[in-house]
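J.:
2 protein chains.
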Amino acid sequence: MSDKNFMNMCFDLAQKSWGEVSPNPYVGAVIVKDGEIVSTGYHKGPGLAHAELDAINNADQDLEGATIFCNLEPCCHTNKRTPPCAQRIIKEKFKKVVIANLDPNPLVAGNGVKLMQEAGIEVVNGVLKEKGELLNEVFFKHIQKELPFVHLKWAQTLDGKIAAKNYTSKWITSDRARAHVHHERMAHDAILVGASTVKKDNPSLTVREGDKVVKSIKRIVVASKDDFDKGLKFFSDHHCSDSILVLPEGVQTEANVEVVNCKTNDNGKIDLIDMLKKLHQLGIYSVYVEGGHAILTQFLKEKIYDRVSVFIAPKIIGEGLSPLGDIGIHDMKDALCLLDSKVELLGDNIYLTSRGGACSQD
Amino acid sequence: MSDKNFMNMCFDLAQKSWGEVSPNPYVGAVIVKDGEIVSTGYHKGPGLAHAELDAINNADQDLEGATIFCNLEPCCHTNKRTPPCAQRIIKEKFKKVVIANLDPNPLVAGNGVKLMQEAGIEVVNGVLKEKGELLNEVFFKHIQKELPFVHLKWAQTLDGKIAAKNYTSKWITSDRARAHVHHERMAHDAILVGASTVKKDNPSLTVREGDKVVKSIKRIVVASKDDFDKGLKFFSDHHCSDSILVLPEGVQTEANVEVVNCKTNDNGKIDLIDMLKKLHQLGIYSVYVEGGHAILTQFLKEKIYDRVSVFIAPKIIGEGLSPLGDIGIHDMKDALCLLDSKVELLGDNIYLTSRGGACSQD
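So the protein lines, in turn, are chains A and B.
Each residue of the first sequence is one higher than the one before, counting from 53 in this note's numbering.
Each residue of the second sequence is one higher than the one before, counting from 53 in this note's numbering.
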């Protein structure tokens, strides 16, 4: 097996903790000695062993002279709940360390590598680097920009409508596509929607498998005023301790939910960057923006997005509601080009997910 | 190899004549004796040998006791340029014939099978029947309905727009996707567009590989009046002997192109069924409808389509021209559901093609 094969194993191991590691990164580790895999490990969540340590703990033999593959640079800082991995790797007398990415955390950022190299360990950095960055795109955004990762998502008919003429939208996509939405929700710290979506659809905005809520994540509604029926699920169901209402500065509400007051733009809309900064301060490092039309349009117009995902059902509706309004583009040659699109078939539904890339606020 | 494997070989052989057989069907044949493939053949076009005969001619040994696989029932009628295949199969003393579909031509329609069975040959019918019907969907439509096969096609941005706010549409899709359009054009007897498309885009409507025109097919423009600039390519280029202008009954033109006058609906639009009947009488058995918005909307609203194909580029434009207008659907639950969607990736562009199925005028 090549370094790339072992690194791909690390990526697969890392994703066993899908939706459980925030605010930490996804990390997997594979220990190889004399060409044989000795043990594997992965990070299972905050406060639990790092992947390297997990793999070391899982080994039932002496590791002197072994190689450890790990998609993220082993840590060297001590101001956290788990002991530094670089020191442990030195102590175990590993011969070689292979990583995909340096840890962007300024407390590590190459210092883990340096520490190990100074101890005489060979370090290979950058194996499947881009794939590693993709796996930890939320973590990198959070650490490097101190802003939540913004993932825009909508579901449309083949002819590009998110609702019919009478505003019905249930259901455009298949059961399987909707199950995938819940799988994606799980990987984010919050779901975010605009006021109209809450008023029209009264959505649960929970992470479910079948009818069962399987994870608590924050649910955020962005509004320019508080004119909501407080009987809506967002304000009244069992999960309203997860509800965050974003309102303009100075606007109060009597609703029994957390309120984040934000600056507004000239047109009275919430200033998205101010909002994202405040959400980041609240420990929300990724938001899954699920519509509707107005809020998706605002994010895209202001080029604030890291990932765009679209579910497309093989249905035709004709006139109806388009996913987006005016995003300031008038000519086809100026269209936003999404990067690194990945297309997946979910039964007869198409799922396209794409990085914001150069178009993003990054 | 199983019967299905051999039949799939027939389908592959048949498609070697892509775009060359109209008005005939795509047919391939494989001859097997003692478990070995003795020879193969396929129909290369009107006036040329049928697939069975081609395979027989290609064999360099006695065929007594052999099995012939052929996706379409061997013919038994004599009012055509090529001799009947069923008789030849009997003469060669084949033991067994395996087919996917009966020939829908009322001159054959089971009579070929009957003739061979009466001569003591074992006939297996219906192997990969649906796949065979799909391969020859144009031929089946032409024979069974005496109407051209209608294939609707458009190209859109990810957010479902066929043009930007300023009506520009060059280019939504990639080179590779556009090359695929020409590959599809080749398999049709005519390209059909609405008047606005010709006026706005002045398209060539030819079948090209690179810059080279590789096949002459008819090009049809549907208009409610003749107010065209006669300098447009449709009226003036080297291919205008292929141009057909569809106009309402009684409307004349001085343009030097063929004119087909058709009935109109109450709203003054061309009656599509009347038009299709007249095109069929002209020997046009398939039309590739490439837009724009108005004509696509009319075909879909009147549920006149056998196949719908959409190219989707990973681009976002916001406001712009939707592929379709009002097709009489007001609620999402009434959306037209396309059947048997096939999705293909052409680089980073998505190509979805789907049968009209139950929604079609069939």
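Where a beta carbon is used, it is the ideal one built from N, C-alpha and C, also for glycine.
Kindly indicate the opening and closing residues of the beta strand (DSSP E) around residue 364 of chain A.
T.: It spans 359–365 - the beta strand (DSSP E) in which residue 364 of chain A sits, taken as one unbroken run.
J.: Give, in chain order, every residue of the region 203–230 of chain B whose Cβ lies closer than 8 Å to some Cβ of chain A.
T.: Those residues of the region 203–230 of chain B that come within reach of chain A (Cβ to Cβ, closer than 8 Å) are 208, 209, 210, 211, 212, 213, 215, 216, 217, 218, 220, 221, 222, 223, 224.
J.: Grouping DSSP H, G and I as helix and E and B as strand, with all else coil, what is residue 286 of chain A?
T.: Three-state result, residue 286 of chain A: helix.
J.: Residues of chain A with CB closer than 9 Å to the CB of residue 385 of chain B, please, in chain order.
T.: Within chain A, the residues near residue 385 of chain B are 216, 220, 222, 223.
J.: Please state whether DSSP places residue 143 of chain A in a helix, a strand or coil.
T.: DSSP places residue 143 of chain A in helix when its eight states are reduced to three.
J.: Please say whether residue 403 of chain A and residue 215 of chain A have beta carbons closer to each other than 8 Å?
T.: It is not a contact, given that the beta carbons lie outside the stated cut-off.
J.: When the Cα atoms are used, what is the spatial distance from residue 345 of chain A to residue 250 of chain A?
T.: Each residue's Cα considered, the two are about 12 Å apart.
J.: Which residues, in order along the region 372–397 of chain B, keep a beta-carbon less than 9 Å from a beta-carbon of chain A?
T.: Answer set for the region 372–397 of chain B: 372, 374, 375, 376, 377, 378, 379, 380, 381, 382, 383, 384, 385, 386, 387, 388, 389, 390, 391, 392, 393, 395, 397.
J.: At 3 residues or longer, and completely inside the region 55–143 of chain B: list those beta strand (DSSP E) runs for me, N to C.
T.: For the region 55–143 of chain B, whole beta strand (DSSP E) runs of length 3 or above, ordered along the chain, are 80–85, 88–94, 119–124.
J.: Would you say residue 115 of chain A lies against chain B (beta-carbon separation less than 8 Å)?
T.: No, residue 115 of chain A lies away from the interface with chain B (no Cβ there is under 8 Å from its Cβ).
J.: Since residue 367 of chain B meets chain A, which of its residues come closer than 9 Å, beta carbon to beta carbon?
T.: Near residue 367 of chain B (Cβ distances below 9 Å), the residues of chain A are 384, 387, 388, 389, 390.
J.: So, at 7 Å on beta carbons, what are the nonlocal neighbours of residue 372 of chain A in its own chain, with the 5 sequence-adjacent residues on each side left out?
T.: Within the same chain, residue 372 of chain A has close Cβ partners 213, 215, 216, 217.
J.: Quick one, which of A/106, A/101, A/79, A/102 has its alpha-carbon nearest residue 91 of chain A's?
T.: Closest by alpha carbon: A/106.
J.: So what does DSSP say about residue 380 of chain A, is it helix, strand or coil?
T.: Reduced to three states, the DSSP call for residue 380 of chain A is coil.
J.: Which complete beta strand (DSSP E) runs does the region 220–247 of chain B hold, if anything under 3 residues is left out?
T.: 242–246, all fully within the region 220–247 of chain B.
J.: Less than 8 Å between CB atoms is the rule here; does residue 361 of chain B satisfy it with respect to chain A?
T.: Chain A contact via Cβ: absent.
J.: Where do the ends of the alpha helix (DSSP H) carrying residue 208 of chain A lie?
T.: Premise fails: residue 208 of chain A lies in the beta strand (DSSP E), 201–209, not in any alpha helix (DSSP H).
J.: With distances taken from CA atoms, which of A/184, A/165, A/75 is nearest residue 58 of chain A?
T.: Checking every option, the nearest Cα to that of residue 58 of chain A belongs to A/184.
J.: If I measure Cβ to Cβ from residue 142 of chain A and keep anything under 8 Å in the same chain, skipping five residues before and after, which residues do I get?
T.: Excluding sequence neighbours, residue 142 of chain A sits near 167, 168, 171, 173.
J.: Does the distance from the CB of residue 425 of chain B to the CB of residue 93 of chain B come in under 8 Å?
T.: Summary: the structure shown does not reach residue 425 of chain B, with chain B confined to residues 53 through 414, and so no result is reported for it.
J.: Are the beta-carbon atoms of residue 146 of chain A and residue 81 of chain A separated by less than 8 Å?
T.: For residue 146 of chain A and residue 81 of chain A, no; Cβs fall outside 8 Å.
J.: Is the beta carbon of residue 299 of chain A less than 8 Å from the beta carbon of residue 278 of chain A?
T.: The answer is yes: Cβ separation under 8 Å.
J.: I'd like the list of long-range same chain contacts for residue 150 of chain A, defined as Cβ closer than 6 Å, with 5 residues on each side in sequence excluded.
T.: Hits under 6 Å: 55, 121, 176, 179.
J.: I'd like to know whether the C-beta atoms of residue 211 of chain A and residue 375 of chain B end up nearer to each other than 8 Å.
T.: Yes, the pair counts as a contact, with Cβ atoms nearer than the cut-off.
J.: Any idea if residue 293 of chain B is buried or exposed, counting beta-carbon neighbours within 10 angstroms, 16 or more meaning buried?
T.: Classification of residue 293 of chain B: exposed, given that the 10 Å Cβ count is below 16.
J.: Tell me whether residue 309 of chain A sits in a helix, a strand or coil according to DSSP, three-state version.
T.: Residue state, collapsed to three classes: coil.
J.: Quick test of your reading: residue 341 of chain B and residue 327 of chain B, contact by CB under 8 Å. State the CB separation rounded to the nearest angstrom.
T.: About 11 Å; that fails the 8 Å criterion.
J.: Under 8 Å, do residue 152 of chain A and residue 123 of chain A count as touching if we go by C-beta distance?
T.: For residue 152 of chain A and residue 123 of chain A, yes; Cβs fall inside 8 Å.
J.: To the nearest whole angstrom, what separates the beta carbons of residue 343 of chain B and residue 246 of chain B, a pair I think is in contact under 8 Å?
T.: The Cβ separation is near 7 Å, so the contact holds.
J.: What's the C-alpha gap between residue 337 of chain B and residue 240 of chain B?
T.: When rounded, the distance between both Cα atoms is 8 Å.
J.: Once you ignore the five residues that flank residue 195 of chain B on each side, which residues in its own chain have a CB closer than 6 Å to its CB?
T.: Excluding residues within five positions, the ones whose Cβ falls inside 6 Å are 156, 157.
J.: Between which residues of its own chain and residue 71 of chain B is the CB-CB distance below 6 Å, once the five residues before and five after are set aside?
T.: 238, 239, listed in sequence order.
J.: Work out the CA separation of residue 272 of chain B and residue 353 of chain B for me, nearest whole Å.
T.: So the two alpha carbons sit approximately 20 Å from each other.
J.: Check whether chain A comes within 8 Å of residue 404 of chain B, counting only Cβ atoms and requiring the distance to be less than that.
T.: Taking Cβ atoms only, chain A reaches closer than 8 Å to residue 404 of chain B, which makes this a yes.
J.: The ligand MG heavy atoms versus the CB of residue 334 of chain A: any closer than 7 Å?
T.: This structure does not include the ligand MG; it has no bound ligands of any sort.
J.: Tell me residue 300 of chain B's beta-bridge partners as DSSP assigns them.
T.: Per DSSP, B/314.
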